[in-house]
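Asks:
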Amino acid sequence: MFPIDYLFIVYCIYLPFLISLYIIEMIVIIKPGSKLRGSFYTLFIACGVADLSHVASTFQDYRIAKFPLVNSGYAYSSPDFFTNMRNVYVFVCPVVQDLLNCAIALNRLTCVIKPIMWKRLNRVIIPFIYCFAFLL
710 MFPIDYLFIV YCIYLPFLIS LYIIEMIVII KPGSKLRGSF YTLFIACGVA DLSHVASTFQ
770 DYRIAKFPLV NSGYAYSSPD FFTNMRNVYV FVCPVVQDLL NCAIALNRLT CVIKPIMWKR
830 LNRVIIPFIY CFAFLL
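Just so we're aligned: the sequence shown equals residues 710 to 845 in the working numbering.
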């Protein structure tokens with residue numbers, strides 16, 4: 710085995726733990742009776758969903774193909790429509806994440822500077838950002 714194969718095995722061990730920790734964190738925020746309610750946490754959940762979908766879509770094409778233990782399976786694969794659409798999704802997903810991160814920053818800024826404007830701004834901007842981000 711190549712030394713990089715050991716890295717692949719370690720990668721396959723720790724990545725599910727990190728993803729499960731992220732999912733547990735989102736479940737704690739979403740569950741009924743949680744005190745973590747508000748526009749910041751809903752934006753955090755939206756950003757988390759975008760991040761997890763990005764990891765799931767890039768894992769096969771960009772991460773597994775780097776390791777010699779498994780990249781022989783990619784030697785004879787031909788690009789098709791679904792591979793191209795997944796690549797388009799992979800390049801659009803960081804734009805969605807940046808948009809949601811800007812919305813989180815705007816949310817925190819308006820909450821600190823102008824609390825009265827914050828509620829009015831959240832009623833208008835937050836639904837627009839959700840729609841725009843997930844239409845991309």
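All C-beta atoms, glycine included, are put in the ideal place defined by N, C-alpha and C.
Using a Cβ-Cβ cutoff of less than 7 Å, which residues in the same chain neighbour TYR839 once the five nearest sequence positions on both sides are dropped?
Replies: Within the same chain, TYR839 has close Cβ partners ALA755.
Asks: Take the Cβ of ASN831 as the centre, count every other Cβ of all protein chains shown within 10 Å, and call the residue buried at 16 or more, exposed below.
Replies: Buried, because 16 or more other Cβ atoms sit within 10 Å of the Cβ of ASN831.
Asks: Since LEU752 contacts ALA812 with CB under 8 Å, what's their CB separation in whole angstroms?
Replies: Their Cβ separation, rounded to whole angstroms, is 6 Å, which keeps LEU752 and ALA812 in contact under 8 Å.
Asks: Give me the residue from PHE800, PHE837 and GLU734 with the minimum Cα distance to LEU809.
Replies: Residue PHE837 is the option with its Cα nearest to LEU809.
Asks: Helix, strand or coil for LEU830 per DSSP?
Replies: Helix.
Asks: Take the Cβ of GLN805 as the centre, count every other Cβ of all protein chains shown within 10 Å, and call the residue buried at 16 or more, exposed below.
Replies: Residue identity check: residue 805 is Val in the sequence provided, not Gln. Under this definition VAL805 is a buried residue.
Asks: Smallest Cα separation from THR844: which of LEU724, TYR798 and PRO824?
Replies: The displayed chain sequence assigns Leu, not Thr, to residue 844. When only C-alpha atoms are compared, the closest one is TYR798.
Asks: Rounding to the nearest angstrom, what Cα-Cα distance links SER748 and GLY757 in this structure?
Replies: Near 14 Å, if we compare the C-alpha coordinates of GLY757 and SER748.
Asks: Assuming ALA759 and CYS802 make a contact with CB atoms under 8 Å, what is their CB distance in whole Å?
Replies: Confirmed, about 6 Å.
Asks: According to DSSP, simplified to helix, strand and coil, what is LEU818?
Replies: DSSP places LEU818 in helix when its eight states are reduced to three.
Asks: Can you tell me the Cα-Cα spacing of PHE722 and ARG746, whole angstroms?
Replies: The question names Phe, but residue 722 in the sequence shown is Ile. Near 33 Å, if we compare the C-alpha coordinates of ARG746 and ILE722.
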